[in-house]
Every structure is written in C-alpha cells, then in structure tokens.
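Working notes for the structure below.
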Amino acid sequence: MVIVLILVGPGVTQAKPGCIRGLEGLDALVELLDSGELQDLDSDCDGLPDGRDEYFDGPVTVEIEAPWTDGVYSWTAAFTLTTIGEGEHTATLGIHLDGPRDAQREEGWERAAEDLWSRDGLTLDLVFVDSAAEAHSTVQVRHGEGWANAGTWFTADDGLVVAHELGHQLGLWDEYPDPAVPTRPVGATDSIMRSARAADRPRSYPRHQEAIQALFRCP
Amino acid sequence: MLAALFSDCPQLPDQSEYAEATIGLLRPRSSSITALDANVLPGTHLAYHSGMTARTSLHRLALAALLLLTPLLISATGAGLRTELEGILVDGLIPRDLVITYEAMHPFHGGAIVEVRGDGSALRRTRRRGDLQASIRQVELDRNDLLGLVGLIVEIEAWEQRVPERPPLPDEGRASLHIVLGDQQGGFWEWYNDMGEHDRLLRVSALMTELVPR
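Dropping the structure here:
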C-alpha cells in the first residue's frame, strides 16, 4: 500500500509530528490524512499505526514531500519511507544527477551515503535515476571543486559530502554554527550534519534516524 | 560648516579632521604621510603637493553640498563611492582609509577573507573545511597593486548588486566584495558557486588572492 503524504506549511519544519491511533482501515487512514487531523492519534510506536498493524499486510509506504526551512535556508525534503518491520524503515531516495556522470564516482557516493545512514532502524536505498520525472529531486553536478549544497554537488566531492547533502533531502538540518541561523542547535563535532571532513570521522547519530522515522508519524 | 556642527562635542580630539573625515572628501594631507606611505606609495608626496588644494576644495564643496542634500540617495546608488574611486584613478592617490574586503568564508566549507587597505597593508584569512581556526597571512602591497585593484573595481562597477535575492539552499553560500572609503561604502555579492557565470567577483577574487597568496 502506498500513501502519498504531502506535508505542507511552515509548521512542519520544527514541530514533531503527531501519531496515528485507532486506525480502522485504509478509508479511515485516507480520510484522516485528508482531514489533516493527525495530531494526538498516537500509535503503538512500532513504526506502524495501530490499526494498520491489524489490517494491512506487507510494507506501508509514505511519500514524503515537504517544504523545509532552517533560518534563512529553504528546501524541499522528498523521499519514500517504507515500514519493513517494527521500528524498521527503508528510506528510498531517487536522485537525478544533472551534469557529468561517472559510474565509479557515483558508486562511491552511493556506498558512502548508504553506509553512513543505514543504522538504528533505518536503511537508506540511494538510487541515481536517469529521469528527473522519476526522481525525488534533481541535483546539479559540476566539474571540479566548489561549495556543495543540497542542490549542487561537485565531481571532486567525496562520499561524506554527498552523505551530508542527502541528509537534507531526508529532512535533516545542518548542525554547524552559522551566524545566519544563530538559534540553530550545534551537533557533536563528529556528526555528519556538522562536519563532512574525513578527519572528524563523521557519522550519523540515532537521533537522525529517529527524526527521519518520525515522519512516519511515529515517535 | 561641518566642523561647526561638532563644536559642542568635547570628546573629539580634532574636530576639523573629524568633520572632514565624516564627509569623506580628503586624501591624506602631506603632514599625515608616514614612512609607510613613503615606502609603499612612491611619488605620493609629490602628488599631494601638486594641485591638491584647489581641486580638493572644489570637490569638498561640491560633495559636501551633495551629501548634505541627498545622503540617502548617494548611499543607495553608490554614486558617491563611484566618484571617489574614479577620483583615485584620476589622481593616482590612494586614501589611507580605503578598505576593500573580499569575503568568501562559509561556516561549513571554509574559504578566505582578503582585506586590502589604502595604506598598503593586506591581510588574508584562510580556513579549510572543518578547521576551527583560520590561518592568517599579512603582506604589504605597493601603489600599483592598489591602483590595479581599484581600477578593476571601477571597471566591474562593484557598487552595483546585480544578482537578485532568494533564499539559499542548505550549505549554499555567497561571496562578497565590500568597499569602505570615508563615509562611502558599497559592494555586491554573488552566489559562490555561480561566480564564474558573471565574471565580476571572480576577477576580483582572482586578483586579491593573487596579491595576498595563502
């Protein structure tokens, strides 16, 4: 079953999503999603809404597409989140690369990002797709070096930089000090959302996976 | 006239100089030239003594009137800065209070800040990605270097902001040029990754980082 869940409005950027409780079936779920009254519904917090545990077999998939902000910064988080078990999810990211292609380089990016994000109940499946229409988002790729960001990567970027940028696609905020966002919480020096420098041995923290999984309406 | 405005201001050590600096008209007077000027800006003494007084007085009167009447307009359009910078190229005289700053420093990516002053001193801060501390390099530039830089700034009309505002993406950053000259200031910015498309800030960046290497 696939549920298309479009999160809109600035309120989603910082608010912790509510939970789903007492769901009576697909119609009720769709009605619930349409109504926007997801708050206070709770769930059994196993990654599946209580009702769906009983009524649906197999994975439940939610398409996430939401405007995201972090101070002055603004972007769209878009990916597919699939429940594969209790508290177990797969995040699928289809990225269309617009620019020079290189299978070896992209394989390195893919491996680094999947290794870094796949832990603590989350499995990242990064797929570089040929068509922008099939993709969750398009990233421009440019030759040489530059300042990689959520929408532009450089051929000289390593897998850590790409993993950091993909964190934004998954709805995560930066964690480094930034005068443009003075209220931003600062992460540990080895958090991937703070540093992508190999010397810092950057890694993801369980709170990252929890934040991504929270988009499934489960705490 | 401006000096009179400050006549009730006892904390000013030299009211006339303050007033002159306020309206941003004066090149340094010969009495204020230091050994550094003599070394770094060869020929400066001669230039200061030759015809500066009359021309400066006229400039002072004209610009004082303009500043008093339309200060906001001048500030907004960069016309005052343009006039001052073009005056430097005409006179060949570089005010000591000129400060030109190229900044391309990002909290995630690192980068560089290069600051060049009219007295010939120049400083570069460079920080690599992930480093907490920046390395600092100081050099002294000669008059021709400074004039070349001012010439480039005038050529690209560095007082004009041409890239429109929009919200940045995460980790996206700007590079900027800022010029201060007396009361006049201005500059512009471009998205760091797009500097090559405009060929304005990139040229300034290339020149300033060449003048002050890492």
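One line per chain: the protein sequences are S and F, in this order. At position 71 of the first sequence the residue is numbered 71 (our numbering), and the sequence of numbers has no breaks. Add 1000 to a position in the second sequence, counting from 1, and you land on the number used in our numbering. Yeah, the Cβ is synthetic: ideal placement off N, Cα and C, and Gly gets one too.
Below 8 Å, enough C-beta pairs join the segment 147–167 of chain S and the segment 89–108 of chain S to call them touching: three or more. Of F:L1201, F:Y1192, F:A1112 and F:E1172, the smallest CA-CA separation from E1155 (chain F) is found for F:L1201. Nearest neighbour of T183 (chain S) by Cα position, chosen from S:E175, S:V141 and S:D190, turns out to be S:E175. Contact note: R1129 (chain F) reaches chain S through R197, using a C-beta cutoff of 7 Å and chain order. For D1171 (chain F), at least one C-beta of chain S is nearer than 8 Å to its own C-beta. Nearest to F128 (chain S) by C-alpha distance, out of S:V139, S:V181, S:G87 and S:G146, is S:V139. In this chain, the beta strand (DSSP E) harbouring A1104 (chain F) covers L1098 to H1106. For I1088 (chain F), the secondary structure class from DSSP, reduced to helix, strand or coil, is helix. P1213 (chain F) is outside the set of residues whose beta carbon lies under 8 Å from a beta carbon in chain S.
Close to V186 (chain S), with beta-carbon spacing below 8 Å, lies no residue of chain F; the smallest spacing is near 10 Å. Per DSSP, V161 (chain S) lies in no beta strand (DSSP E); the unbroken alpha helix (DSSP H) holding it starts and ends at G159 to Q169. Within the segment 1101–1123 of chain F, the residues whose Cβ lies closer than 7 Å to some Cβ of chain S are H1106, P1107, F1108 and H1109, listed in chain order.
Boundaries of the alpha helix (DSSP H) harbouring G1151 (chain F): R1143 to E1155, taken from the DSSP string. The criterion of a C-beta distance shorter than 8 Å is not satisfied by D125 (chain S) and T69 (chain S).
Residues of the same chain with a CB within less than 8 Å of the CB of L160 (chain S), apart from the 5 flanking positions on each side, are A112, L116, I192, A196, R197, A198 and P202 in chain order.
Closer than 8 Å at the C-beta level to chain S, one finds these residues of the segment 1169–1194 of chain F: L1169, P1170, D1171, E1172, G1173, Y1192 and N1193.
Nearest Cα to G1148 (chain F) within the set F:E1084, F:G1092, F:L1081 and F:Y1192: F:G1092. For V72 (chain S), the chain F residues whose Cβ falls inside 9 Å of its Cβ are P1167 and P1168, in order along the chain.
Residue pairing by DSSP places R119 (chain S) opposite S:L122 in a beta bridge. Counting along the chain, A91 (chain S) sits inside the beta strand (DSSP E) bounded by residues E88 to D98.
The C-beta of Q104 (chain S) has fewer than 16 other C-beta atoms within 10 Å across all chains shown, which makes the residue exposed. In this structure, the alpha-carbon of E88 (chain S) lies about 54 Å from that of L1207 (chain F). Chain-ordered, the chain F residues with CB closer than 7 Å to the CB of A150 (chain S) read L1169, P1170 and D1171. For E165 (chain S), the chain F residues whose C-beta falls within less than 8 Å of its own C-beta are P1170 and D1171, listed in chain order.
Residue range P206 to Q213 is occupied by the alpha helix (DSSP H) that includes I212 (chain S). Contact annotation for D190 (chain S) against chain F: no contact, minimum CB-CB distance about 11 Å [criterion: below 8 Å]. About 5 Å separates the Cβ atoms of D190 (chain S) and D200 (chain S), confirming a contact at the 8 Å cut-off.
Cβ-Cβ distances below 6 Å link E114 (chain S) to L124 and L126 in the same chain, with the five nearest sequence neighbours on each side left out; the list follows chain order. Around D178 (chain S), the beta-carbon contacts reaching into chain F at under 7 Å are P1107. Between R194 (chain S) and E65 (chain S), the alpha-carbon positions lie close to 24 Å from each other.
Of all residues in the segment 123–156 of chain S, only R142, G146, W147, A148, N149, A150, G151 and T152 come within less than 8 Å of chain F when Cβ atoms are compared, listed by chain position.
E106 (chain S) sits away from T80 (chain S), with the two beta carbons spaced by 8 Å or more. A straight line joining the alpha-carbon of Y205 (chain S) with that of Q213 (chain S) spans about 13 Å. Chain-order list of chain F residues neighbouring D200 (chain S): G1130, by C-beta distance under 7 Å. Nearest neighbour of I1153 (chain F) by Cα position, chosen from F:D1097, F:L1141, F:R1096 and F:T1101, turns out to be F:T1101. A residue is called buried once 16 or more other Cβ atoms fall within 10 Å of its Cβ, and V1204 (chain F) is buried on that count.
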